[in-house]
Amino acid sequence: MPDMQMFCHTVCGDTGSLIRIKENHMANQDFSLAGALKVRSAEKEDAAHLHSYCFPEKTEAEVTSELDDDLAEDSQTHRLVAEVGGYPIGQISITRNPLDSAVAEVGGLAVSAPFRPLGVADHLMAAAEAAASEDGVKTLEIGLPSSEANVIQRYKDWGFTEKPLVVLQKLLGSVPEENEDEDEEIAEDGDENGAVDAGGEQQELLGT
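The following block contains the structure:
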């Protein structure tokens, strides 16, 4: 998303004063973090710190490669980082829907553990909304597993609502035993009327 690459947002409190972060211990190093929390567009140089503070489970090469993809000129993803004292300690990404430029998917939200109680995620989400809106996006979406109840509630707290959508799936290469038994009964009975009735029920269910 080239139009949003220069986005930079300094977080302010209700009184307009900059939020101050107390000194914290990160990755076995003591940093002076008495600076303002700032949300800005990600840069190539952020890879090492994002690996250390947000994605330690990945290799640095993986984090670097993913960031390079997001920063590519033809990328539809805009990644933002939360920075304190010059160190990226959180991130979020916005990816435009290739079929609908007014819709984008938000994802990749990650914050270094010591900063999670300080509301960094809230500021990242607010900055993502502002950046997306500035670029013409009207709707933000995210797909989450139904089992992630706490995460779903957090997004609802941010104003997200559930879409009236039902996801259906069919496993190919196998036939449910119940259907196999029904097919055998129809074949044995040779009941033409029964087959017609079953077809009629399916038509009613599908509205055809």
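The C-terminal position of the sequence shown is numbered 460 in this note's numbering, with every residue numbered one higher than the one before it. Just so you know, even glycine gets a beta-carbon here, dropped at the ideal spot from N, CA and C. Just so it is clear, the structure is predicted and the values come from calculations on it, not from any experiment.
According to DSSP, is residue i helix, strand or coil?
i	result
T391	strand
T267	A caution first: T267 carries a pLDDT of 27, below 50, which makes its placement in the model unreliable, though a value can still be read off. Three-state DSSP puts T267 in coil, outside helix and strand.
Identify the continuous alpha helix (DSSP H) that holds residue i and give its terminal residues.
i	result
K408	401-409
A383	372-386
Buried or exposed for residue i, going by 16 or more other Cβ atoms inside 10 Å?
i	result
Q421	exposed
P416	exposed
L332	buried
K390	exposed
S293	buried
L424	exposed
S385	exposed
D298	buried
S345	buried
P350	exposed
V291	buried
D352	exposed
Q343	buried
N280	At N280 the pLDDT is 38, less than 50, meaning the model places this residue with poor confidence; the figure from the coordinates comes in the next sentence. Counting Cβ neighbours within 10 Å, N280 comes out exposed, since fewer than 16 surround it.
E335	buried
Taking 7 angstroms as the cut-off, does the CB of residue i come closer than this to any heavy atom belonging to the ligand COA?
i	result
S293	The ligand COA is not part of the structure shown, which contains no ligands of any sort.
| task | Taking only runs that begin and end inside the segment 293-367, name each unbroken beta strand (DSSP E) of 3 or more residues, in chain order. | result | Fully enclosed beta strand (DSSP E) runs of 3 or longer: 329-336, 339-349, 352-363.
| Is it true that the segment 315-329 meets the segment 293-306, where meeting means three or more beta-carbon pairs spaced less than 8 angstroms apart? | By the C-beta criterion, the segment 315-329 is judged to be in contact with the segment 293-306, since at least 3 inter-stretch pairs fall below 8 angstroms.
| At least three beta-carbon pairs within less than 8 angstroms, the segment 384-399 to the segment 354-363 | A contact exists between the segment 384-399 and the segment 354-363.
| For the segment 365-372 against the segment 395-411, are there 3 or more C-beta pairs whose distance is under 8 angstroms? | The segment 365-372, when compared against the segment 395-411, does not touch it at the 8 angstroms Cβ threshold.
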